[in-house]
Amino acid sequence: MSGHPSAAAPGGRAQPFSCPYCGEEDLRPAEGGHHCPDCDRRFALTFLGRGAGERHPTRSTTTGGTV
Ligand SMILES: [Zn+2]
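Numbering (the numbering used here), first residue to last: 1 to 67.
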């Protein structure tokens, strides 16, 4: 039964607000993602998961810690 309206979680794709390369806001859906007509780049956003992830770099520049 698939009678629920799509209002809960946007699964999969996300709509970028602007081009990550030139900042153009007039993005258009294209094959595999979005196309920026201004810089003529095509890109896609990938949802990797929530949180910072487990495999973060160990050398974090945390100032004010135990030396
Ligand atoms: Zn662009």
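We put the beta carbon where it would ideally sit given N, CA and C, even for glycine.
This structure is a prediction, so every number in the text was calculated from the model and none was measured.
Taking 9 Å as the cut-off, the Cβ atoms of Cys22 and Arg41 count as close. For Cys36, the secondary structure class from DSSP, reduced to helix, strand or coil, is strand. Take the alpha-carbon of Cys39 and the one of Thr46: they are about 20 Å apart. In this structure, the C-beta of Arg41 approaches ligand 1 to less than 8 Å from one of its heavy atoms.
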